[in-house]
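Protein chains in written order, with UniProt numbering: chain A, 1 to 233; chain B, 1 to 129. Below is one structure; the comments refer to it alone.
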């Protein structure tokens, strides 16, 4: 499970591809990057006249109330990749974007927690392996658990060798020093992954805030203007 | 009108089916990626193996001693298999995406024609009035 995230670190900086916004299409890159399994476009309820998301041009009423404010393009230079101005999007499109970003952030945070948990497990192994004679004393008797509540007395036969799970059902007998090296490498590797993921989560959250801001302004702008239009007629 | 609506619904159902298919394929692609990474890690571990370090394989509840060359060839075989599977799935993903693209164009076509029909409707009424 934890190995999935190595790719995450290599993923390009998060951008909002145009295709995602204007059509039902679901670019695979989005899935590989955030593997957000839930990033599918909503399926229309039976009897719906239009397919949500298929609206490629803003409808007339929304067109009037465009408020040219924040654009993603201002960040685009550092982020690179495909950028579009959030202002050109309609409110429904924006909320679709927001929903998707929400899901991605959620998923990435979960992955982050999983990575941190895996890392702490490896750290625990490292601690035990490094504790040396404290744990691995051949003279001290130990209790070996046979079941949850049944123990037998035992004695360490070989205090220098440990068997390490290297994955996919393979185990390697190592001395404690080399086992410590193994766990150190694992912890380091995970730390790099965690750092990469952190950056991605931050960028996504930033994007999410931006989208929320623009959406709020859109709704506010649409409110009074709609009222005026009603009065005029 | 009802006819167009029926067609639209059938089309969007097809589209949703394709979407689910794509989703499933992408999920298995991700699983394969994870497995590949794990096997890759094991392979690297074997390469770093020092003298006197023995490989065991977990078979059921027991650890069996295994030859290093045996273990290495097992992992290599697995990696090869996974790579093949990944290429196969990539092909499938591309295919599904192409199909979805086609369906989407169809949906848009039907939708535009429906909108044109709706737009023409009121005008016709006005003309009569």
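Don't be surprised by glycine CBs; every beta carbon is placed ideally from N, CA and C.
| query | result |
| --- | --- |
| Beta carbon proximity, residue 82(B) to chain A, threshold 7 Å | no |
| Under 7 Å from the C-beta of residue 174(A): neighbouring residues of chain B | 53 |
| Min CB distance residue 170(A) to chain B below 7 Å | yes |
| Near-chain A residues of the region 30 to 47 of chain B - C-beta to any C-beta below 7 Å | 30, 33, 34, 37, 38, 39, 41, 42 and 45 |
| Contact list for the region 155 to 166 of chain A against chain B, Cβ threshold 7 Å | 163 and 166 |
| Limits of the alpha helix (DSSP H) - the one that residue 92(A) falls within | 91 to 130 |
| Residue 41(B), buried or exposed, once every other Cβ within 10 Å from all chains shown has been counted against 16 | buried |
| Closer than 7 Å to chain A by CB, residue 57(B) | yes |
| Straight-line Cα distance separating residue 127(A) from residue 175(A) | 15 Å |
| Classification of residue 113(A) by the beta-carbon crowding that lies within 10 angstroms, buried from 16 upward | exposed |
| Residue 107(A): CB within 6 Å of a non-hydrogen atom of the ligand FMN | The model depicted lacks the ligand FMN and carries no ligand whatsoever. |
| Residue range of the beta strand (DSSP E) that includes residue 173(A) | 170 to 175 |
| Where residue 64(B) sits in the DSSP three-state scheme | strand |
| Cα-Cα separation, residue 132(A) to residue 179(A) | 12 Å |
| C-alpha distance - residue 5(B) paired with residue 103(B), whole-angstrom precision | 16 Å |
| Extent of the continuous alpha helix (DSSP H) to which residue 41(B) belongs | 2 to 47 |
| CB contact below 7 Å: residue 79(B) versus chain A | no |
| Opening and closing residue of the beta strand (DSSP E) in which residue 143(A) lies | 141 to 145 |
| Straight-line gap, residue 159(A) to residue 168(A) (C-alpha atoms, nearest Å) | 26 Å |
| Contact with chain C by residue 89(B), beta-carbon distance below 7 Å | Going by chain labels, chain C is absent from the structure shown, which instead holds the protein chains A and B. |
| CA nearest to the CA of residue 189(A), picked from 119(A), 97(A), 109(A) and 108(A) | 119(A) |
| Residue-level contact to chain A via CB, residue 64(B), 7 Å cutoff | no |
| Through-space distance from residue 163(A) to residue 172(A), alpha-carbon basis | 5 Å |
| Range covered by the beta strand (DSSP E) that runs through residue 58(B) | 55 to 59 |
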